[in-house]
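I have placed the structure first, in the form of structure tokens, so that the comments after it can refer back to it.
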């Protein structure tokens, strides 16, 4: 199955989002799995499909993944509401 990968960086921290049709989406921060979602469809592009709180420096940040997936998959990573990587939704 094809895999879609989105990579973003925020204040020197690397975030990787991987999505496959059968395994769902997985969000990694510095190589560590921090969130996952196994839904096959994402119909509301304004609602996060997963989120995680991560420490960046000494500050806790909210990392959210947004998706829109019907026939094609569009993915976006946001930190504290600001897009850091991914498609335009």
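Residue numbers (this note's numbering): 1416 to 1504.
Idealized CB from N, CA, C, for every residue including glycine.
Keep in mind that this is a model prediction, so the values were computed, not measured.
Exposure of residue i, with buried meaning 16 or more beta-carbon neighbours within 10 Å
| i | result |
| --- | --- |
| residue 1481 | buried |
| residue 1470 | exposed |
| residue 1448 | exposed |
| residue 1496 | exposed |
| residue 1430 | buried |
Close-in-space but distant-in-sequence residues of the same chain around residue i (CB under 6 Å, 5 per side omitted)
| i | result |
| --- | --- |
| residue 1440 | 1434 and 1452 |
Nearest to residue i (by Cα), restricted to the options the options
| i | options | result |
| --- | --- | --- |
| residue 1461 | 1418, 1492 and 1419 | 1492 |
| residue 1425 | 1465, 1418, 1478 and 1447 | 1478 |
| residue 1476 | 1431, 1464 and 1444 | 1444 |
| residue 1466 | 1472, 1432, 1446 and 1502 | 1432 |
| residue 1464 | 1454, 1473 and 1422 | 1454 |
Cβ-based neighbour list, residue i, same chain, cut-off 7 Å, excluding 5 preceding and 5 following
| i | result |
| --- | --- |
| residue 1483 | 1457, 1460, 1489 and 1504 |
| residue 1419 | 1434, 1488 and 1490 |
Nonlocal neighbours in the same chain, by C-beta distance under 8 Å from residue i, ignoring five residues either side
| i | result |
| --- | --- |
| residue 1468 | 1475, 1476, 1477 and 1478 |
Those residues which DSSP pairs with residue i across a bridge
| i | result |
| --- | --- |
| residue 1464 | Note: residue 1464 sits in no beta bridge, so no partner. |
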